[in-house]
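Below: one structure, written as structure tokens.
In full-length UniProt numbering, the protein residues as written are 1 to 566.
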């Protein structure tokens with residue numbers, strides 16, 4: 001092999017006919033060398049100098065002719081230290097998750113990826129935002145527990161093994177925490193979640209069963225697409241990343257991996273640049289935003305003065321600002337812990353319980369932590385049902401936290417970023433003991449999907465948009481057509497008009513007070529009657545019967561009911 005003239009762009013490695021081009025950004029004044037290793041070797045077999053005087057800007061580059069890509073791996077030596085290419089597409093030599101490898105000893109090297117993949121005509125699904133039911137998961141923690149019963153635990157293929165389960169639940173989008181190569185230790189603490197600096201273009205080798213993460217990530221995406229489920233990747237990007245690098249990374253995963261969308265941190269990358277990119281126009285670009293979460297948590301536990309905020313949260317179209325609705329996410333309590341703990345219990349993290357969010361807007365229902373008291377257990381069960389109702393009957397895109405649908409717990413730890421163990425892994429055995437909760441969530445999702453008024457594509461304006469005599473959305477309390485917005489109110493009735501959508505009118509009554517309350521029912525015309533479809537204390541009705549009183553309904557404390565007019 002021999003060095004020939006290269007080009008400074010694109011950064012990373014590019015194979016062009018009989019030569020391989022290498023380009024890397026290097027700080028001014030630093031020495032730089034390209035090191036080539038025979039496949040699997042830990043001693044450079046060839047070293048090429050990349051002098052600064054030949055650079056364009058701060059980019060060093062060269063091409064090597066006669067290099068067989070499948071037989072060699074590479075690194076750089078920059079300023080005397082071994083460095084991995086920031087644009088590397090695949091890394092080899094990594095050990096199992098959590099085991100440290102020594103870069104200076106050349107144990108980790110970049111691969112020159114050349115493999116092909118049969119996509120079988122696959123493409124992005126492009127499910128409309130208002131039809132998405134999202135599910136947030138950690139690829140390793142999703143199936144690592146022995147109870148997951150998948151063949152390749154903690155891997156991309158393991159996650160694919162849960163497709164039938166997600167289909168049954170009604171999920172049509174998964175959102176994966178970082179799946180790229182990231183530093184597994186930040187100081188003395190393990191980085192289980194994957195946030196922070198990383199090699200963003202390279203899928204994580206520890207998430208592959210065969211040692212071929214690129215192939216297995218593609219296979220996972222293809223299998224999910226065949227099942228009608230989108231794959232969205234969290235790409236938070238560390239502070240200081242060049243906007244161009246983030247932009248190229250999202251384009252790369254879109255084209256190379258058929259990814260359907262990304263969750264990015266708008267504070268580290270230019271939001272307008274990403275959403276305005278023509279190539280990314282068909283891809284979902286999203287961000288995390290906790291306004292819905294905090295409003296609904298406070299309403300759920302019975303805080304006063306929340307009605308106006310709840311009205312906004314329930315009608316807000318999340319597509320407009322590129323976010324999802326969630327009540328629980330990886331940072332913070334699980335749904336079970338949200339109703340079981342007043343305070344965080346992060347002692348196992350080794351930071352004297354000073355890490356993690358201090359304000360969780362949680363309520364333990366009278367006892368901190370596990371309880372066998374029947375009244376406490378039943379109240380918690382009811383509150384979890386209420387929480388899922390608040391999430392799944394709101395407009396916009398709902399996102400569930402993996403395991404919440406069967407009562408997964410982290411024992412009060414609201415920041416398991418460093419816990420690669422059974423505390424953070426989903427314990428699937430809970431599905432057997434909490435199947436009633438799973439069935440309830442499954443039925444709520446199906447109910448949402450069956451009623452267009454509960455997940456409209458357009459904005460709700462509170463106006464009669466179809467000249468039917470009823471506004472698209474209206475608000476009620478103990479008196480019809482009057483918003484119960486006084487400071488002490490913890491109740492709200494909402495009428496969604498089905499006119500123009502070929503749907504029934506739907507009326508939802510929320511009573512988050514610890515006392516029972518009455519709701520006036522709006523009058524239905526054309527010989528229609530109100531039928532009860534679901535109540536949180538009773539579950540989803542198999543068959544609905546008309547209410548005896550068509551003018552008023554009384555709700556027990558901490559209860560929600562859905563009625564349809566037909």
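We treat Cβ as the ideally placed atom computed from N, Cα and C, and that holds for glycine.
Boundaries (first-last residue) of the beta strand (DSSP E) holding residue i
i           : result
residue 204 : Taken as a continuous stretch (DSSP letters only), residue 204 belongs to no beta strand (DSSP E), as it is neither H nor E.
residue 119 : It is not in any beta strand (DSSP E) - residue 119 carries neither H nor E in the DSSP assignment.
residue 109 : 109-111
residue 554 : 552-555
residue 511 : 505-511
residue 261 : 261-264
residue 235 : 230-235
Closest Cα partner of residue i within the set the options
i           : options            : result
residue 358 : 338, 526, 367      : 338
residue 15  : 72, 39, 414, 41    : 72
residue 236 : 177, 488, 227      : 177
residue 573 : 420, 22, 428, 27   : Beyond the ends of the chain as shown, which are 1 and 566, falls residue 573; an answer cannot be given.
residue 48  : 21, 56, 70         : 21
residue 188 : 37, 351, 480, 298  : 351
residue 55  : 384, 33, 70        : 33
residue 63  : 170, 18, 28        : 18
residue 513 : 424, 224, 299      : 299
residue 506 : 522, 83, 515, 518  : 522
residue 65  : 3, 552, 27, 86     : 3
residue 207 : 224, 264, 96, 323  : 96
residue 355 : 332, 368, 374      : 332
residue 554 : 566, 479, 503      : 479
residue 84  : 35, 543, 421, 99   : 35
residue 286 : 186, 272, 295      : 272
residue 413 : 375, 336, 111      : 336
residue 536 : 218, 270, 510, 549 : 510
residue 567 : 386, 307, 295, 81  : Nothing about residue 567 can be reported from this structure: the residues present for the chain run from 1 to 566 only.
residue 128 : 520, 548, 330, 324 : 324
residue 525 : 516, 542, 551      : 551
residue 595 : 528, 460, 289, 254 : For residue 595 there is no data in the structure shown, the boundaries of the chain being 1 and 566.
residue 94  : 53, 149, 173, 213  : 213
residue 491 : 117, 520, 385, 375 : 520
residue 435 : 23, 381, 486       : 381
residue 183 : 449, 99, 118       : 99
residue 50  : 23, 37, 430        : 23
Beta-carbon proximity of residue i to residue j, cut-off 8 Å
i           : j           : result
residue 124 : residue 283 : yes
residue 533 : residue 563 : yes
residue 12  : residue 77  : no
residue 216 : residue 262 : no
residue 204 : residue 180 : yes
residue 307 : residue 295 : no
residue 58  : residue 28  : yes
Expected contact under 8 Å - CB spacing of residue i and residue j to nearest Å
i           : j           : result
residue 455 : residue 130 : 5 Å
residue 560 : residue 508 : 7 Å
residue 341 : residue 362 : 6 Å
residue 201 : residue 252 : 6 Å
residue 327 : residue 426 : Not quite, the Cβ-Cβ distance comes to about 18 Å (not below 8 Å), so this is no contact.
residue 498 : residue 453 : 5 Å
residue 437 : residue 407 : 6 Å
residue 171 : residue 133 : 5 Å
residue 61  : residue 26  : At roughly 10 Å, the Cβ-Cβ gap does not stay under 8 Å, so residue 61 and residue 26 are not in contact.
residue 196 : residue 238 : 6 Å
residue 387 : residue 137 : Not quite, the Cβ-Cβ distance comes to about 19 Å (not below 8 Å), so this is no contact.
residue 231 : residue 174 : 6 Å
Delimiting residues of the alpha helix (DSSP H) encompassing residue i
i           : result
residue 214 : 213-226
residue 296 : 291-301
residue 284 : Counting along the chain, residue 284 falls outside any alpha helix (DSSP H), though it belongs to the beta strand (DSSP E) covering 284-286.
residue 337 : 335-338
residue 78  : That residue, residue 78, is in no alpha helix (DSSP H); its beta strand (DSSP E) goes 72-78.
residue 450 : 435-450
residue 247 : 243-257
residue 168 : 163-169
residue 143 : 139-143
residue 156 : 156-160
residue 379 : 374-392
residue 273 : 271-275
- Query: Is the stretch 31-47 in contact with the stretch 103-122, if contact means three or more CB pairs nearer than 8 Å?
  - Reply: yes
- Query: Does the stretch 345-352 touch the stretch 263-281, meaning 3 or more C-beta pairs lie closer than 8 Å?
  - Reply: no
- Message: Using a Cβ distance threshold of 8 Å, determine whether the stretch 239-250 contacts the stretch 297-307, with at least three qualifying pairs required.
- Response: no
- At least 3 beta-carbon pairs within less than 8 Å: the stretch 414-424 vs the stretch 189-201: yes
- Message: Within 8 Å, do at least three Cβ pairs link the stretch 392-400 to the stretch 309-317?
- Response: yes
- Message: Pairs of beta-carbons, one from the stretch 144-158 and one from the stretch 470-481, closer than 8 Å: are there three or more?
- Response: no
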